[in-house]
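The structure appears below as structure tokens.
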Amino acid sequence: MKAVLPLDDAAADLATVGGKGASLARLVRAGLPVPDGFHVTTAAYRAFVSDFHDDILRAAAAGDTEEIAALFARHDVPEGLAAEIRQAYAALGEDVAVAVRSSATAEDLPEMSFAGQQDTYLNIRGDALLDAVKRCWASLWNPRAIAYRDQHGVPHDEVALAVVVQELVDADAAGIMFTADPVTGNRAETVVNASWGLGEAVVGGQVTADTIVLSGGVVTRSQTGDKTVMTVRTPTGTEERPVPDELRRAPVLTPAQAVELAAIGTRVQDLYGMPMDVEWARSGGAFALVQARPITGLKPQVEEWNDSLKGDYLWTAGNLGEAIPDVMTPVTWSFVRLFIHEAMAASSLPGFDLVGNIGGRFYMNLSIVYTIAESLGMKSRLGAIENVFGKLPPGLDVPRVKISRWEIIKRVVPMAINIQRRVRENLKGMPAFLATSQQRCEDLRARIAATGSGPELADLYEREIQPHMVTSCRMLEAAGRQGGATLVYTRDKLRKMMGDIDAEAMLTGVNADGELASLGPVMGLSRLARGEITREEFARTYGHRGPHEFEVSIPRPSEDPGWIDAQLAGLRDLRADTEALLARQEKAREEAWARFAERYPGKEAKMRERVRRWSAVVRDREDTRSENMRAFWVLRAFTVRAGELTGHGEDVFSLYLEELLDLLRGDGAALSEVPVRRATYEQYAALPPYSTLIIGRFDPVRWAADPDRRADIHDARGHTAPVSDTVTGFPGAPGVVEGIARVISGPEQGERLKPGEILVTTLTNVGWTPMFPRAAAVVTDMGAPLSHASIVARELGIPAVVGTGNATMRVRDGDRIRVDGERGTVELLG
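Once you know that position 675 of the sequence shown is 675 in our numbering, the rest is easy, because the numbers rise by one and skip nothing.
Structure follows, in structure tokens:
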């Protein structure tokens, strides 16, 4: 290996000339503006220290850096090596001022920069060059360099130091340029710091430099700093001097110069294929690059998953958002879109975005619902929407979709007729579907496990897995649409006739004529505890239900060997046996019916039939939803097997369905998107659940960083109603209870809820059901009378207030509160 190399030499790699030197060589070879110079290679360093290298290592191990400095000072550069360095320096010109920069072999790497750990000497001339080179070599062993290597696990005996010698740019201005914002990670922005004089004052942080931000080839914002000091050349080196008053607050770069410099930065980034940290200097109006390294610690590149940018709409996370509480991976979003397309045919209405993905979370567009309802003359029925999606703040102006009434009628009416026809047909096949679905799903999972190739699995998906999924979705749609408005109007009628408490009692008993699927897991646990069913039977029947049942990257409960034991352990803390709660509620129900018969002679039979239809509709909805979730377990099995067969494991969760099918058939082009999508998912998943209601454009990251953020509503129009001091919501299930509030963010914290405490949370779904018998009452931010919390709480006779919007904002963990499930109020008792 040569001791000295030209700056652009093809042999100038990391091992030969260190990180800084290799980077400069690459820039020169690419035709970028770099001052002329040469490398003193690592071979020269090793030749110099060969006689005392072991002494250096012993001193480093003892922490004696003064001894190391003395070792370097006692040794002269061998004459042959010195002659090569002098010859290369002479080739630069007569008595040229140079910068002498250390360049270590463990430096300027993407994962760690080592910036500033070794020394640089500026304005070096003539005979001083050899001493500057030797001092650079010695700086490989200064205390901060040794400590940095220890911190990052870099062995001392493997490092070596090269030196870059370059003509010193007589800079009137200099600074640093980041080709991506190092703070936000935004790759669309270039950030330039600029100050007067040489760049050392900027690099060393001694000056408040100008900051210029550019995007798309233009300056988007700038801030002129108060530049008090500047680094200048002197006959003996460099020194810091005050900046002349007329320059202190003057911008260093014009917008045109900043654009020119940013364009050079883009060339550097394109050369390296990653965002770069570039040191630059300007002399005589021309820019020169004196260093370039990858930006370390840069936030991963991310995408934007944000349908709120499509327009000024009202989005809600109520109802289905409660069932899908997680940030969705791309493949799950593909399956959820398929689910929505088949289970909610109205979502496929041309020209409308009825559902959306905001920061990876599921939202529905209520602006469309309100616009259609008003256009079809159903404004008086808008109150029924709240029973499904939850309450809107009083006086909230719901943005409407800009479309004519005639256009809506032309699109909606034919679709509504087709939906009615499809629902009638699917209702006929529902009993057979429910009777065979469990076995069908078990067979499909077994066949998935037995597939031996990607194409075979892709064919199985298209031939059998997706068709079963589509069928399960259409059965859920049929179950939800049967009986028209039975669920809403039966409840409203009974409340008017009998009052809230008796009405809610009369509507319970859904579980009496056949198990209610939402109660299935907790009822099954009781039977398992009594030995009436086996662990295998319990897992087969209920193992697909859980708090994250839509997200296919998350294992189903039955995939966890310890799941059943953990559930059984929770039964020991129940304040009352589930069957005892149901028996108590049955007594209250029959007493309420007796009062109805006394008050309305001759109407009992007709009302019982109406409530029976209510119960049947509720059971069908819950049964088909359960089987739909069983189909999602099949989709998880398919996706996991795809990762196994292709060898890409969990990466497949970051692909969309069509991309996954392509991968199974040999086309892996979309795999290049995986790192960005995984980073995007992780970014959104780290944020708290977003506002239940969102109006207009919403930035999840900016919202999460706002200390005044609201969990109930985000209105981009800026005129959101103040947060209520009271906690009120829907009467979910009647009864008045006082107790300690246990604020729980997720079902994984369920063990924190002690018997007799009041569960306060954002939302619940079937995965929370085993907690309900422990709770004295339930309070949720999200929800409506037909939501999971209301139905299950009513059946168990547990007071509930749902859809408060602000319970988790107002109630603190451990507060004593009074829950009135009849009036829908929560009172803080202090």
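All residues carry an ideal CB built from backbone N, CA and C; glycine is no exception.
Member of 229, 326, 17 whose CA lies at the smallest distance from the CA of residue 363:
Position 363 of the sequence shown, counted from the first residue, corresponds to residue 363. The shortest C-alpha separation from residue 363 is found at 326.
Give me the residue from 566, 586, 634 with the minimum Cα distance to residue 751.
Counting from 1 along the sequence shown, the entry for residue 751 is found at position 751. Taking only the C-alpha atoms, the option nearest residue 751 is 566.
Quick one: using the 10 Å Cβ neighbour count with 16 as the cut-off for buried, is residue 418 buried or exposed?
For the purposes of this step, residue 418 is identified with residue 418 of the sequence shown, where counting begins at 1. The residue is exposed, with fewer than 16 neighbouring Cβ atoms inside 10 Å.
Can you list, in chain order, the stretches of the alpha helix (DSSP H) that have 4 or more residues and sit fully within the region 307 to 391?
Entirely contained in the region 307 to 391, the alpha helix (DSSP H) runs reaching 4 residues are, in chain order, 320 to 323, 330 to 343, 366 to 375, 382 to 389.
Select from 730, 709, 696, 704 the residue whose C-alpha is nearest the C-alpha of residue 717.
By one-based count along the sequence shown, residue 717 stands at place 717. That would be 696, whose Cα lies nearest to the Cα of residue 717.
Run the CB neighbour count on residue 246, radius 10 Å, all protein chains shown included, and call it buried at 16 or more, exposed below.
Stepping through the sequence shown from its first residue, residue 246 is reached at position 246. Looking at its Cβ environment, which holds fewer than 16 other Cβ atoms inside 10 Å, residue 246 is exposed.
Alpha carbon to alpha carbon, how far is residue 112 from residue 150?
Taking the sequence shown and counting its residues from 1, one reaches residue 112 at position 112. Taking the sequence shown and counting its residues from 1, one reaches residue 150 at position 150. Reliability fails at residue 112, whose pLDDT of 44 lies under 50, so the model's placement of it is uncertain and no value is given.
Kindly indicate which residue of 210, 638, 233, 232 has the alpha-carbon position closest to the one of residue 248.
The residue labelled residue 248 in the question sits at position 248 within the sequence shown. The residue with the shortest Cα to Cα distance from residue 248 is 210.
Residue 342 beta carbon near the ligand ZN (any heavy atom closer than 6 Å)
Within the structure as shown, the ligand ZN is missing, as the structure has no ligands at all.
So what does DSSP say about residue 439, is it helix, strand or coil?
Residue mapping note: residue 439 aligns to position 439 of the sequence shown, counting from 1. In the displayed model, residue 439 falls within a helix according to three-state DSSP.
Measuring only the C-alpha atoms, how far is residue 343 from residue 401?
As a working note, residue 343 is residue 343 in the sequence shown. As a working note, residue 401 is residue 401 in the sequence shown. Distance between the alpha carbons of residue 343 and residue 401 is about 23 Å.
Test item: CB-CB of residue 314 and residue 394 under 7 Å:
For the purposes of this step, residue 314 is taken as residue 314 along the sequence shown, with counting starting at 1. For the purposes of this step, residue 394 is taken as residue 394 along the sequence shown, with counting starting at 1. No, they are not a contact pair.
Which runs of the alpha helix (DSSP H), 4 residues or longer, sit entirely within the region 63 to 137?
65 to 74, 79 to 90
In this structure, does DSSP put residue 230 in helix, strand or coil?
The count along the sequence shown starts at 1 and reaches residue 230 at position 230. Three-state result, residue 230: strand.
Please name the residue in 331, 464, 790, 200 whose C-alpha comes closest to that of residue 678.
Taking the sequence shown and counting its residues from 1, one reaches residue 678 at position 678. Nearest option by C-alpha distance: 331.
Using DSSP with H/G/I as helix, E/B as strand and the rest coil, what is residue 22?
Here the question's residue 22 lines up with position 22 in the sequence shown. When DSSP states are grouped into helix, strand and coil, residue 22 belongs to the helix group.
Assess, as a yes-or-no matter, whether the region 18 to 34 is touched by the region 69 to 89 under the definition of 3 or more beta carbon pairs within less than 8 Å.
no
Boundaries of the beta strand (DSSP E) in which residue 277 is found, first to last residue
The residue given as residue 277 occupies position 277 in the sequence shown. Unbroken beta strand (DSSP E) run through residue 277: 276 to 283.
C-beta atoms of residue 828 and residue 813 nearer than 7 Å
Here residue 828 refers to the residue found at position 828 when the sequence shown is read from its first residue. Here residue 813 refers to the residue found at position 813 when the sequence shown is read from its first residue. Cβ atoms of residue 828 and residue 813: not closer than 7 Å.
With a CB to CB cut of under 6 Å and the five nearest residues on each side skipped, what residues in its chain are close to residue 366?
Here residue 366 refers to the residue found at position 366 when the sequence shown is read from its first residue. Contacts found: 314, 316.
In angstroms with no decimal places, state the Cα-to-Cα distance between residue 226 and residue 220.
Residue 226 sits at position 226 when you count from the first residue of the sequence shown. Residue 220 sits at position 220 when you count from the first residue of the sequence shown. Taking the straight line joining both Cα atoms gives about 20 Å.
Three-way DSSP call (helix, strand, coil) for residue 163 in this model:
In the sequence shown, residue 163 corresponds to position 163, counting from 1. Three-state DSSP puts residue 163 in a strand.
With distances taken from CA atoms, which of 501, 596, 32 is nearest residue 267?
The residue you call residue 267 lines up with position 267 of the sequence shown. Among 501, 596, 32, the Cα nearest to that of residue 267 is on 32.
Report the residue from 451, 461, 475, 596 whose alpha carbon sits nearest the alpha carbon of residue 499.
Within the sequence shown, numbered from 1, the residue matching residue 499 stands at position 499. Of the candidates 451, 461, 475, 596, the one whose C-alpha sits nearest the C-alpha of residue 499 is 596.
Leaving out five residues before and five after residue 262 in sequence, what residues of the same chain have Cβ atoms less than 6 Å from its Cβ?
Locating residue 262 in the sequence shown gives position 262, counting from the first residue. So the qualifying residues of the chain are 190, 214.
Rounded distance between the beta-carbons of residue 773 and residue 581, thought under 8 Å:
Indexing the sequence shown from 1 puts residue 581 at position 581. Indexing the sequence shown from 1 puts residue 773 at position 773. Distance from residue 581 to residue 773 at the Cβ level is roughly 6 Å; contact confirmed, criterion being Cβ atoms closer than 8 Å.
Pop quiz: residue 360 and residue 328 are said to be a contact at Cβ under 8 Å. What is the actual Cβ separation, rounded to whole angstroms?
As a position in the sequence shown, residue 360 is number 360, starting the count at 1. As a position in the sequence shown, residue 328 is number 328, starting the count at 1. Right, their Cβ atoms sit about 5 Å apart.
So residue 215 is in the beta strand (DSSP E); what residue range does that whole segment cover?
Here residue 215 is taken as the residue at index 215 of the sequence shown, counted from 1. From DSSP, the beta strand (DSSP E) with residue 215 extends over 210 to 215.
Beta bridge counterpart(s) of residue 253 as assigned by DSSP:
Here residue 253 corresponds to residue number 253 of the sequence shown, with the count starting at 1. In DSSP, residue 253 forms no bridge with anything.
Can the beta-carbon of residue 289 be found less than 7 Å from the beta-carbon of residue 634?
Position 289 of the sequence shown, counting from 1, holds the residue named residue 289. Position 634 of the sequence shown, counting from 1, holds the residue named residue 634. Cβ distance not < 7 Å, so residue 289 and residue 634 don't count as in contact.
Quick one: give me the first and last residue of the beta strand (DSSP E) that residue 650 is part of.
Counted from its first residue, the sequence shown places residue 650 at position 650. Taken as a continuous stretch (DSSP letters only), residue 650 belongs to no beta strand (DSSP E), as it is neither H nor E.
Coil, strand or helix - residue 242 by DSSP:
As a working mapping, residue 242 is identified with position 242 in the sequence shown. Residue 242 sits in a strand when the DSSP states are folded into three classes.
Just how far apart, CA to CA, sit residue 141 and residue 23?
Within the sequence shown, residue 141 is the residue found at index 141, counting from 1. Within the sequence shown, residue 23 is the residue found at index 23, counting from 1. The alpha-carbon atoms of residue 141 and residue 23 are separated by roughly 23 Å.
Beta-carbon spacing of residue 762, residue 808 below 7 Å:
To locate residue 762, count along the sequence shown from 1; it is residue 762. To locate residue 808, count along the sequence shown from 1; it is residue 808. Result yes, Cβ atoms of residue 762 and residue 808 sit closer than 7 Å.
Euclidean distance between Cα positions of residue 661 and residue 455:
Position 661 of the sequence shown holds residue 661. Position 455 of the sequence shown holds residue 455. When rounded, the distance between both Cα atoms is 8 Å.
Can you grab the Cα-Cα spacing for the pair residue 676 / residue 464, in whole Å?
Position 676 of the sequence shown, counting from 1, holds the residue named residue 676. Position 464 of the sequence shown, counting from 1, holds the residue named residue 464. Cα to Cα, the separation comes out at about 32 Å.
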